Each structure stands twice: as C-alpha cells, then as structure tokens.
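Colleague:
There are 2 protein chains.
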Amino acid sequence: MSGWVKVAGLGPGAEAMVTDQVRAALAAATDVIGYIPYVARVAPREGLVLHPSDNRVELDRARHAIDLAAEGRRAVIVSSGDPGVFAMASALFEALEHRPDPGAFDIEILPGITAMLAAAARLGAPLGHDFCAINLSDNLKPWDLIERRLRLAAEGGFAMAFYNPRAASRPGRFERVLDILREGCGPNRLISFARAVTTPDEHLLTVTLGEARAEMADMRTMVIVGTPDARRVGRFVYSPRSA
Amino acid sequence: MSGWVKVAGLGPGAEAMVTDQVRAALAAATDVIGYIPYVARVAPREGLVLHPSDNRVELDRARHAIDLAAEGRRAVIVSSGDPGVFAMASALFEALEHRPDPGAFDIEILPGITAMLAAAARLGAPLGHDFCAINLSDNLKPWDLIERRLRLAAEGGFAMAFYNPRAASRPGRFERVLDILREGCGPNRLISFARAVTTPDEHLLTVTLGEARAEMADMRTMVIVGTPDARRVGRFVYSPRSA
Chain F
13 MSGWVKVAGL
23 GPGAEAMVTD
33 QVRAALAAAT
43 DVIGYIPYVA
53 RVAPREGLVL
63 HPSDNRVELD
73 RARHAIDLAA
83 EGRRAVIVSS
93 GDPGVFAMAS
103 ALFEALEHRP
113 DPGAFDIEIL
123 PGITAMLAAA
133 ARLGAPLGHD
143 FCAINLSDNL
153 KPWDLIERRL
163 RLAAEGGFAM
173 AFYNPRAASR
183 PGRFERVLDI
193 LREGCGPNRL
203 ISFARAVTTP
213 DEHLLTVTLG
223 EARAEMADMR
233 TMVIVGTPDA
243 RRVGRFVYSP
253 RSA
Chain W
13 MSGWVKVAGL
23 GPGAEAMVTD
33 QVRAALAAAT
43 DVIGYIPYVA
53 RVAPREGLVL
63 HPSDNRVELD
73 RARHAIDLAA
83 EGRRAVIVSS
93 GDPGVFAMAS
103 ALFEALEHRP
113 DPGAFDIEIL
123 PGITAMLAAA
133 ARLGAPLGHD
143 FCAINLSDNL
153 KPWDLIERRL
163 RLAAEGGFAM
173 AFYNPRAASR
183 PGRFERVLDI
193 LREGCGPNRL
203 ISFARAVTTP
213 DEHLLTVTLG
223 EARAEMADMR
233 TMVIVGTPDA
243 RRVGRFVYSP
253 RSA
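What follows is the structure in structure tokens.
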C-alpha cells in the first residue's frame with residue numbers, strides 16, 4: 013500500500029463539527045502529527061502512532077509527514093479549524109517545494125470549519141458581506157504590512173476577521189490595531205470578541221470600537237469587525253447582505 | 013415543545029463534508045426550507061415537510077421559517093457551503109429585524125464548509141495567507157463598490173476568493189473583473205477556477221491572469237487569486253505563509 017499525507021481540519025473544538033471525511037482519514041492513518049493540543053483530540057488506538065509537537069515547528073512537522081509517507085505510511089497532519097487558513101496546508105507545500113524528489117505518495121487537504129466561521133455563526137452573521145481574513149501575527153510578515161492591510165480593509169468597508177490577535181511579538185500591538193480600526197472605521201463600528209467558540213470555555217462579547225480594549229482578546233479569541241452597516245438584533249450581530 | 017430556526021450549512025456538495033451537528037438538526041426538524049437544489053439534498057422522511065423555493069427569495073424564506081418557529085415548529089433553513097458567507101444567515105437576521113414581536117423561539121446558525129475553503133483544499137493552499145472574500149454579484153450592492161474592493165484587495169497583496177463570478181447583471185462584467193485584476197496584480201499572478209468542487213462534475217484549472225478568460229468561470233465556479241508569492245508545486249498551487 014502506498015503512503016499518503018492528508019492535512020485535516022479538526023474544526024474549532026466541538027466533536028460535532030468534525031466532518032466524516034476527517035474522521036475516516038484519522039481511522040485509516042498510521043501516524044498523526046501536529047501541535048500538542050490538536051493531537052490530544054485524536055483518540056489513541058492500536059497501530060496508530062501519535063506525534064505531538066510544540067508550536068512554531070510547522071516546517072519540521074511537514075517534513076516529518078513527508079518522510080513517513082515516502083516510507084509508505086499514512087500520515088495525517090492535524091490542524092484546528094481549516095488547514096488552509098493560517099494553518100498547516102501551506103507549510104506542507106513549502107516543505108514539498110524544497111524536496112526535489114519527495115517520493116511517490118498521495119497528498120490531500122481535508123477542509124474543516126475554520127475559527128472565523130464558527131465564531132461568526134455563534135455571534136450571528138457578522139461576516140455576511142464581503143470580508144477580509146487577516147492574521148495579526150507578525151511572526152512571518154512585517155508589521156507594516158499588517159497595518160497597511162488593516163487600513164485598506166477599513167477603506168473598503170469590508171467586514172474583517174482577525175486570527176492571532178495577541179500573537180504580535182511586542183506588547184501594545186493589538187492596542188495599535190484597535191487605534192487603526194477606530195481611525196478607519198469610526199468609534200461606532202461593532203467589534204466582536206469570540207473566545208474558545210464551541211468549547212465549554214466559550215465567551216462572546218460585542219462592543220463598539222470606541223469601547224473595545226486590547227484585554228478583551230487573548231490567544232484563543234477570534235476578533236470580528238462588522239461592515240459599516242453591521243447592527244445588533246437581540247443577542248446577535250449581523251452584517252446586512254446589501255451595502 | 014418550543015419552536016426553533018436553525019440555519020444549516022450543507023457544505024460544498026460531498027456528503028462526507030456535512031457535519032454531525034447539521035445532520036442532527038435535519039433529523040430533529042419538522043420543516044426544511046431553502047433553494048430547490050439544496051432542499052433536494054435532504055432525504056424525505058415521515059413527519060418532515062420540505063419547502064423548496066426558487067432563487068432570490070431569501071427574505072421570503074427567512075420569514076417563512078420564522079412563522080413556522082413561532083407556531084412551535086422546528087425549521088431548518090438549508091444553505092450550501094456555510095450559511096454565514098453570502099448565504100441565508102444574514103437574511104434571517106434581516107427578517108427578524110423587521111418583526112417587532114417575532115415570538116419566542118430559539119435561533120442557531122450551524123456552520124458548514126464554505127465553497128472557497130473546499131475549493132482551496134482541492135487546489136492546494138491558495139488562501140494560505142491574508143485573504144479577501146468578495147461576492148461579485150451586483151444584485152445587492154453597487155457595481156462601483158465591487159470594483160473599488162477589487163482594487164484595494166490587489167493593492168494590499170491579499171489572496172482573493174470570488175463568489176458568484178458570473179452573477180453580474182450585465183454580460184462582460186467578469187471580463188472587467190479580470191482587467192482590474194491584471195492591472196492591480198500583473199499578468200503573472202496565478203488565478204484558479206474551481207468548478208463544482210467535491211462533486212462528480214469537479215473541474216480545476218490554474219492559469220496566470222494573463223491567460224485567464226471570462227469563459228473559464230460559470231455559476232458553479234469559485235475563483236481564487238493567490239498572493240503575489242503564490243506558486244505551483246506539482247499539480248497544486250499555494251500561497252506561502254510568509255510575505
């Protein structure tokens with residue numbers, strides 16, 4: 013049997029949001045590779061080797077999966093959310109690019125429910141119009157580029173979803189993000205903080221940009237800004253389809 | 013038993029990409045409401061009333077579901093993909109906003125695998141960096157706004173995912189989109205056309221913007237533009253995580 017690598021999205025946390033396709037891949041795998049808390053979501057079983065690793069070793073993980081597949085093993089790299097959104101799919105292709113002859117094996121990316129869409133669903137429909145997804149971590153891109161994209165997104169009246177709001181290497185940077193947003197969108201625009209959605213720790217908060225504080229976000233929080241027309245309906249917030 | 017409305021995402025087409033949460037909602041429903049081809053994906057059963065409707069009656073559908081829930085029925089509005097992305101979730105909140113006393117019932121949005129992420133997974137990882145999702149239909153917004161957002165997205169070096177590429181009310185508009193992209197991103201940027209992903213009709217095509225033609229997209233196609241650094245690896249295309 014020839015080997016394969018599948019990069020699978022486990023969704024935001026709730027087991028009921030894992031797709032059958034991902035479950036089938038995990039059932040067929042010989043090896044599961046990923047960040048410690050994601051591998052911990054996979055039930056151990058006879059014949060399955062779990063390879064949990066620490067954060068920020070994405071390329072090592074990808075190379076490891078490629079090595080295993082080249083030996084004929086069936087490796088699943090697990091991501092939370094969707095592997096194609098600020099997760100392991102790009103790292104896999106980057107690793108492949110640097111291996112002139114990675115060997116003969118299959119590759120498949122298995123989508124999952126990404127954090128911003130799980131958060132949006134719990135909040136209502138704040139991404140119900142054109143939107144941007146921006147990773148606020150400056151680990152792999154210059155901070156200036158993040159600031160520029162924030163300004164362009166505000167100028168375009170896009171809704172916005174922010175991953176890794178507190179990952180910036182220097183403290184005070186998420187405060188800076190909020191300043192740029194207030195300047196570009198005004199103080200009355202709605203912003204939502206959705207922490208640990210679909211888990212027992214879930215916490216939802218919607219305020220105006222004028223009321224927003226950096227402390228409202230941590231590493232488990234998705235931050236979502238509505239369009240200029242976004243508004244509340246009861247406990248929900250939504251961006252209308254028309255603009 | 014009190015009524016409810018759930019807006020459920022059926023994913024891009026493959027049954028293996030429907031979540032258990034959505035399946036459970038369909039199993040508990042008394043009524044399923046939605047666009048004809050989406051309702052056709054729900055298996056008929058004793059005690060379940062199917063209410064298929066034609067396109068472009070989103071608000072009527074939402075009002076109907078609210079009426080049913082107010083009578084104590086359990087209504088699922090089905091969307092393809094994710095209900096929060098250019099689909100029925102916003103329409104539901106819009107309908108609720110116009111009903112001062114909609115009655116006492118629960119509301120829940122159940123996320124699904126949205127078309128752009130299913131398409132990205134089949135293509136590789138073209139949305140592996142900051143990206144914008146833009147609905148190219150000018151049914152509910154002025155065409156000028158679409159052009160403006162395209163230019164800003166290009167200026168920011170975002171990857172881009174386009175829904176409804178051929179829905180513009182006048183012919184030639186997707187050709188105009190390609191012209192704006194060529195102007196903003198240059199002729200060598202990669203663009204992918206992913207038709208009917210995860211179904212038997214799936215067709216994938218990646219070309220440069222210089223080679224792109226409007227006829228490469230139809231109503232079942234997701235169009236995805238990579239970042240300035242996007243490139244091919246074998247049969248895949250990916251946008252690197254760094255920029």
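Residue numbers (the numbering used here), protein chains in the order written: chain F, 13 to 255; chain W, 13 to 255. Glycine residues also receive a C-beta, built at the ideal position from the N, C-alpha and C atoms. Treat the numbers as computed from the prediction; the structure is a model and nothing was measured.
#1: Leaving out five residues before and five after residue 94(W) in sequence, what residues of the same chain have Cβ atoms less than 6 Å from its Cβ?
#2: From the DSSP output, in three-state form, read off residue 110(F) for me.
#3: Please say whether residue 218(W) and residue 249(W) have beta carbons closer to each other than 8 Å?
#4: Spell out whether any CB of chain A is found under 8 Å from the CB atom of residue 116(F).
#5: If we call anything under 8 Å between Cβ atoms a contact, is residue 121(F) one with residue 101(F)?
#6: Which runs of the alpha helix (DSSP H), 4 residues or longer, sit entirely within the segment 129-172 of chain F?
#7: For the alpha helix (DSSP H) containing residue 78(W), name the first residue and the last one.
#8: Could you say which of 74(F), 119(F), 203(F) and 41(F) lies nearest to residue 236(F) if we only look at CA atoms?
#9: Between which two residues does the alpha helix (DSSP H) holding residue 38(F) run?
#10: Suppose contacts are defined by Cβ-Cβ distances below 8 Å. Is residue 256(F) in contact with residue 30(F) by that definition?
#11: Identify every residue that forms a DSSP beta bridge with residue 120(W).
#12: When you check each C-beta in the segment 130-146 of chain F against every C-beta of chain W, which residues fall closer than 7 Å?
#13: Could you check what DSSP says for residue 98(F) in three-state terms: helix, strand or coil?
#14: To the nearest angstrom, report how far apart residue 114(W) and residue 76(W) are at their CA atoms.
#15: In chain order, what residues of the same chain have a beta carbon less than 6 Å from the beta carbon of residue 190(W), not counting five sequence neighbours either side?
#16: Using CA coordinates, which residue listed in 194(W), 244(W), 216(W) and 91(W) is at the minimum distance from residue 65(W)?
#17: Would you say residue 43(W) and residue 161(F) are within 8 Å of each other, going by their C-beta atoms?
#18: Run through DSSP, which three-state label would residue 64(F) get?
#19: Classify residue 67(F) as buried or exposed, calling it buried when 16 or more other Cβ atoms lie within 10 Å of its own Cβ.
#20: From residue 106(F) to residue 175(W), what does the alpha carbon distance come to, in whole angstroms?
#21: Identify each residue in the segment 149-166 of chain F for which the Cβ-Cβ distance to at least one residue of chain W is less than 7 Å, and report them in chain order.
#22: Counting contacts by CB-CB distance shorter than 8 Å, is residue 29(F) in contact with chain W?
#23: Residues of the segment 231-245 of chain F with a CB closer than 9 Å to any CB of chain W: list them in chain order, please.
#24: Under DSSP, the alpha helix (DSSP H) around residue 221(F) begins and ends at which residues?
#25: Shorter than 8 Å from the beta carbon of residue 212(W) to some beta carbon of chain F?
#26: Report, in whole angstroms, the separation of the C-beta atoms of residue 255(F) and residue 157(W), which I expect to be a contact under 8 Å.
#27: Report, in whole angstroms, the separation of the C-beta atoms of residue 82(W) and residue 32(F), which I expect to be a contact under 8 Å.
#28: Assuming the contact rule is C-beta atoms closer than 8 Å, residue 8(W) and residue 163(W) should be a hit. Round their C-beta distance to whole Å, please.
#29: Below 8 Å on the Cβ atoms is my guess for residue 96(F) versus residue 139(W); work out the distance and round it to an integer in Å.
#30: Kindly list, in the order they appear in chain W, the residues whose Cβ is closer than 8 Å to that of residue 106(F).
#31: Where does residue 52(F) fall in DSSP's three states?
#32: How big is the Cα-Cα spacing for residue 128(W) and residue 178(F)?
#33: Am I right that residue 73(W) and residue 46(W) are in contact with their C-beta atoms under 8 Å? What's the rounded C-beta distance?
#34: Classify residue 253(W): buried if its beta carbon has 16 or more other beta carbons within 10 angstroms, exposed otherwise.
#35: Pop quiz: residue 60(W) and residue 41(W) are said to be a contact at Cβ under 8 Å. What is the actual Cβ separation, rounded to whole angstroms?
#36: Would you say residue 220(F) and residue 201(F) are within 8 Å of each other, going by their C-beta atoms?
Modeller: With the given structure in hand:
#1: If the five residues before and after residue 94(W) are omitted, its C-beta is found closer than 6 Å to the C-beta atoms of 21, 123, 124 and 126, all from its own chain and listed in chain order.
#2: In the structure shown, residue 110(F) sits in coil (DSSP, three-state: anything other than H, G, I, E or B).
#3: It is a contact, given that the beta carbons lie within the stated cut-off.
#4: Although the question refers to chain A, the structure presented lacks it and instead comprises the protein chains F and W.
#5: Cβ atoms of residue 121(F) and residue 101(F): closer than 8 Å.
#6: With a minimum length of 4 residues, the continuous alpha helix (DSSP H) runs that stay inside the segment 129-172 of chain F are 155-167.
#7: That run of the alpha helix (DSSP H) goes 70-82.
#8: Selected option, being the one with the closest Cα: 203(F).
#9: Looking at the DSSP string, the run of the alpha helix (DSSP H) that includes residue 38(F) is 32-40.
#10: With chain F covering only 13 through 255, there is no way to say anything about residue 256(F).
#11: According to DSSP, residue 120(W) bridges with 18(W).
#12: Taking 7 Å as the Cβ-Cβ cut-off against chain W, the residues of the segment 130-146 of chain F that qualify are 130, 132, 133, 136, 137, 139, 140, 142, 143, 144, 145 and 146.
#13: Residue 98(F): coil per DSSP, three-state reduction.
#14: A straight-line Cα-Cα distance of about 11 Å links residue 114(W) and residue 76(W).
#15: Counting only Cβ-Cβ distances below 6 Å, and skipping sequence neighbours, we find 224.
#16: Residue 91(W) is the option with its Cα nearest to residue 65(W).
#17: No. Outside cutoff.
#18: Residue state, collapsed to three classes: strand.
#19: Answer is exposed; the Cβ neighbour count stays below 16.
#20: Rounded to whole angstroms, residue 106(F) to residue 175(W) spans 27 Å at the Cα level.
#21: Against chain W - using a Cβ distance shorter than 7 Å - the residues of the segment 149-166 of chain F are 152, 153, 157, 160, 161 and 164.
#22: Closer than 8 Å to some Cβ of chain W, the Cβ of residue 29(F) qualifies, so yes.
#23: Within the segment 231-245 of chain F, contact with chain W at the beta-carbon level (separation under 9 Å) is assigned to 243 and 245.
#24: Run containing residue 221(F): none; DSSP gives neither H nor E here.
#25: Taking 8 Å as the threshold, the shortest C-beta distance from residue 212(W) to chain F does not fall below it.
#26: The Cβ separation is near 6 Å, so the contact holds.
#27: Contact flag wrong, Cβ pair sits at about 34 Å.
#28: Nothing about residue 8(W) can be reported from this structure: the residues present for chain W run from 13 to 255 only.
#29: Contact flag correct, Cβ pair sits at about 6 Å.
#30: Here the neighbours are 250, 252 and 253.
#31: Correct three-state label for residue 52(F): coil.
#32: Cα to Cα, residue 128(W) sits roughly 26 Å from residue 178(F).
#33: Between residue 73(W) and residue 46(W) a beta carbon distance of about 7 Å is seen, short of the 8 Å cut, so the two are scored as contacting.
#34: Looking at its Cβ environment, which holds 16 or more other Cβ atoms inside 10 Å, residue 253(W) is buried.
#35: The C-beta distance from residue 60(W) to residue 41(W) rounds to 6 Å, short enough to meet the 8 Å contact threshold.
#36: Their beta carbons are under 8 Å apart, which means residue 220(F) touches residue 201(F) by this criterion.
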